[in-house]
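Quick notes on the structure that follows.
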Amino acid sequence: MLILLVPLVLIVAVLALGIHLPNKRFARLLTLPTHRYAPLVAGLVTGAAVWYVWGSLRAVAPVHDEASYLLQARTFASFHWAMPAPPLPEFFEQYHALVTPVYASKYPPGHGLLLVPGIWLSLPGLTPVLLSVLAGALLFMLVRRVANGWVAVLTFVLWLSTIGNLRWRGSYLSETTTSALWLLGWWALLEWRERRANRWLVVLAGCVAWMAITRPFTAVAYAIPVGIVVIADVVKRRSWRELVRPILVALAIVAILPLANKETLGNWRTAPYETYTATYLPWDHLGFGVTDTPAQRPLPPDMQQFSAQFISVHAGHTLNRLPSIYLIRWRAILADAFHGWRIPLALFALIGFSVLGIEGWLAVASALLLTGVYLLYASIPNWTVYYLEIFPVIPFLVALGIWTVAAALVTPRLHVGPRLVREEGPRQAFAIALVVLMVLWPGGYEVHFGRRVEAAVQAYHGSFRQRLAALPDRREIIFVRYAPWHSVHQSLIANEPNLATAKRWFVYDRGEDNQRLAALAPDREPFLFDENSGTFVQLKRTLARR
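11 is the number of the first residue of the sequence shown in the numbering used here; add one for each residue after it.
What follows is the structure in structure tokens.
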């Protein structure tokens, strides 16, 4: 908390005591946030920070969902919607992926399609980083538009350095797509209302539609408040024709979903997500409580343990507990935004509410609605990635609160309201610039800490890759035997979509049954990876002895 006392004292010294700026040249420096290229700088800084934390554009996929999205993107990159089912699918079972009747990710196609350019360039992390660049630039532009340049700078610094934001942005998860679309849609809405150019309404419709084929729940939460604003405006001006092109564009994008269903499973009404759930995780459903419907396929031991853990989560997700669940989830979001030295910033966030304009209230309403919509689905509280789209709201409130305090110290009788934050005075800007400089130090530490956290998350897969590098350079089958202490949240079973050309197959160890798979691929050397000892054993000699 001591770290915040220094900038607060500086604000009082600069504003209340009437300290003047050193010279006019220094005053011109304070106008840098209004420069046309300032958003570009914010975007590039965001991309650099995410890249640094992630460590590489070829980073491993430690989370089950990430591995599934990579499978999907690599399938799309080969100009297929799905690949043929592997031989003996029980060996190839993978979290969040179908292995029969086809080999395909269970997820909607929106995010996977955007990952394809990075796959073609052998840089799978390229698209998430570029989406973060876009998100950082758009956030800066939006805040500068509805408030002012220095509020935008402070919002950006507080948002970027949040540990949760850094952790989830450096990933292959689909929220990196929807969070960028969320901000782009808001910008399009503001442009449309100001300029009345129909192309911006088309952009907004495209953002909502692409969210729908990426994360449908997120699209619903976003579309409701935005749709109310658009429809109210159209009704007021009786300009219904403005909706024709946006609706046609949205329908064209949403039509990708039934097309993907048809090309994947042969029926446009059958979604891979629903098929996977019914096949493996019948308990993983919308609503409350659990069902006693059994899985249609036998689950490997680690998937059985995974199911047991999350069945208990769904069992506790009941209608009467919704208010407490809602508060618990918001507590996790706020704990990330106000941890450690950030705790006193919560006071400024409360002050920020007093100067919110209509745009700010739209952002707050969308945040409350997004977390409310996800109450239909059971999840663990610390899985805050579901709310990555609304992470900028809290830093924005904090920055507004700090600016309000600064403005009140300059002119104590100034009316507090939305107009307050649009009136940029040099002394307020100087004070906030000092606050930004003071926040950069702990914020930079959080970026370094985020890299250490990410390195720890990737260490398991990184160690496995290092051991793999010592194997002979030839086509292989790696039978994975997990240790008794194995974490069910880490999996080594993830393969290239084209198994015929893949250098290695990573499959479950099934004991004596391994010989069946080895016999189907005589051109591949079979190895057993024993997780407990961390060693590889060539199975050909073992099989010969048998």
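Built from N, CA and C at the ideal position, the CB exists for glycine as well. Please read these numbers as outputs of a predicted model, since none were measured by experiment.
At which residues does the alpha helix (DSSP H) containing V323 begin and terminate?
For V323, the enclosing alpha helix (DSSP H) covers residues P311 to A325.
Which parts of the region 382–458 are runs of the alpha helix (DSSP H), unbroken and 4 residues or longer, counting only runs that do not cross its ends?
Annotation note: the region 382–458 contains the following uninterrupted alpha helix (DSSP H) runs of length 4 or greater, listed N- to C-terminal: 403–420.
What are the boundary residues of the beta strand (DSSP E) that includes S115?
Under the DSSP assignment, S115 falls in the beta strand (DSSP E) whose first and last residues are V112 to S115.
Under 8 Å, do L527 and F101 count as touching if we go by C-beta distance?
Note that the C-beta distance between L527 and F101 is below 8 Å.
Can you give me the C-alpha to C-alpha distance between A114 and A198, rounded to a whole angstrom?
Looking at the two C-alpha atoms, the distance is approximately 34 Å.
Check each candidate in F459, P134 and L108 and name the one with the smallest Cα separation from A281.
Measuring from the Cα of A281, the nearest candidate turns out to be L108.
Would you kindly report the start and end of the unbroken beta strand (DSSP E) that includes I488?
Taken as a continuous stretch (DSSP letters only), the beta strand (DSSP E) holding I488 covers E486 to R491.
Just checking, does the region 158–173 make contact with the region 203–220 on the three C-beta pairs under 8 Å criterion?
The count of Cβ pairs closer than 8 Å, one atom from the region 158–173 and one from the region 203–220, stays below three, leaving the stretches out of contact.
Compare the C-alpha of T289 against each of L444, G57 and A305 and name the closest.
Among L444, G57 and A305, the Cα nearest to that of T289 is on A305.
Secondary structure at V73, three-state DSSP: helix, strand or coil?
Coil at V73, not helix or strand.
Residues in the same chain with beta-carbon distance under 6 Å from P226, minus the five sequence neighbours each way, listed in chain order, please.
Within the same chain, no Cβ atom closer than 6 Å to the Cβ of P226 is found once the five residues on either side in sequence are excluded.
From the DSSP secondary-structure annotation, give me the bridge partner or partners of V109.
Per DSSP, V109 has no beta bridge partner at all.
In the DSSP assignment, what are the bridge partners of L538?
DSSP output for L538 lists F489 and V547 as bridge partner(s).
Alpha carbon of A441 to alpha carbon of A416, nearest angstrom:
Using only the alpha carbons, I get a separation of about 7 Å.
Exposed unless 16 or more other CB atoms sit within 10 angstroms - verdict on Q319:
Counting the other Cβ atoms within 10 Å of the Cβ of Q319 gives fewer than 16, which makes it exposed.
Taking all protein chains shown into account, decide if H349 is buried (16 or more other Cβ within 10 angstroms of its Cβ) or exposed.
For H349, the number of other beta carbons within 10 angstroms of its own is below 16, and it is reported as exposed.
If you scan the region 141–228 from start to end, which runs of the alpha helix (DSSP H) of 4 or more residues do you find wholly inside it?
With a minimum length of 4 residues, the continuous alpha helix (DSSP H) runs that stay inside the region 141–228 are 159–170, 173–179, 185–205 and 208–222.
Less than 8 Å between the C-beta atoms of V498 and F539, yes or no?
Not in contact: V498 and F539 (Cβ atoms no closer than 8 Å).
Locate the beta strand (DSSP E) running through F358, then write down its first and last residues.
Element bounds for F358: not the beta strand (DSSP E) but the alpha helix (DSSP H), L355 to G362.
Can you grab the Cα-Cα spacing for the pair T552 / F86, in whole Å?
Only weak support exists for where T552 lies, its pLDDT of 47 falling under 50; the value from the coordinates is given anyway. Here the alpha carbons of F86 and T552 stand approximately 39 Å from one another.
Three or more C-beta pairs closer than 8 Å, one from the region 114–125 and one from the region 296–303: is that the case here?
They do not touch, by the three-pair rule.
Once the 5 residues before and after S184 are set aside, which same chain residues still bring their CB inside 6 Å of it?
If you ignore the 5 residues before and after S184, its C-beta comes within less than 6 Å of the C-beta of H121, T224 and R225, all in its own chain and listed in chain order.
Buried or exposed, going by whether 16 or more other CB atoms sit within 10 Å of the CB of N392?
Counting the other CB atoms within 10 Å of its CB gives N392 a total below 16, which places it among the exposed residues.
Assuming W91 and T274 are in contact, meaning their beta carbons sit under 8 Å apart, how far apart are those beta carbons, in whole angstroms?
Sure, about 5 Å apart at Cβ, within 8 Å.
I173 and E456 look like a contact to me (Cβ under 8 Å); what is the Cβ gap, rounded to whole Å?
E456 and I173 do touch by the CB rule: their CB atoms are close to 6 Å apart, below 8 Å.
Between W178 and the rest of its own chain, which residues show a CB-CB distance below 7 Å, the 5 nearest in sequence each way excluded?
Counting only Cβ-Cβ distances below 7 Å, and skipping sequence neighbours, we find E185, V395 and L398.
Take the Cβ of I368 as the centre, count every other Cβ of all protein chains shown within 10 Å, and call the residue buried at 16 or more, exposed below.
By the 16-neighbour rule on beta-carbons within 10 angstroms, I368 is exposed.
Proximity winner among E76, Y79, P99 and A260, relative to G195 (alpha-carbon distances):
Considering only E76, Y79, P99 and A260, the residue with the shortest C-alpha distance to G195 is A260.
From which residue to which residue does the alpha helix (DSSP H) around V51 run?
From DSSP, the alpha helix (DSSP H) with V51 extends over A48 to W64.
Rounded Cβ spacing between L136 and L193 (contact assumed at less than 8 Å):
With a Cβ gap of about 20 Å, L136 and L193 do not count as contacting.
Of the residues A512, G460, W495 and G237, the one placed nearest D346, counting alpha carbons only:
Nearest option by C-alpha distance: G460.
DSSP three-state assignment for F298, whether helix, strand or coil:
If DSSP states are grouped into helix, strand and coil, F298 belongs with coil.
Give me the residue from K272, V408, E535 and L444 with the minimum Cα distance to L481.
By alpha-carbon distance to L481, the top candidate from K272, V408, E535 and L444 is E535.
Taking 8 Å as the threshold (C-beta atoms), are L98 and P507 in contact?
The answer is no: Cβ separation not under 8 Å.
Closest to T287 by CA distance: which of P494, L309, S364 and D483 is it?
Here the closest residue by C-alpha is L309.
Residue closest to H471, alpha-carbon to alpha-carbon, out of E76, G411 and H327
Between H471 and the set E76, G411 and H327, the nearest pair of CA atoms involves E76.
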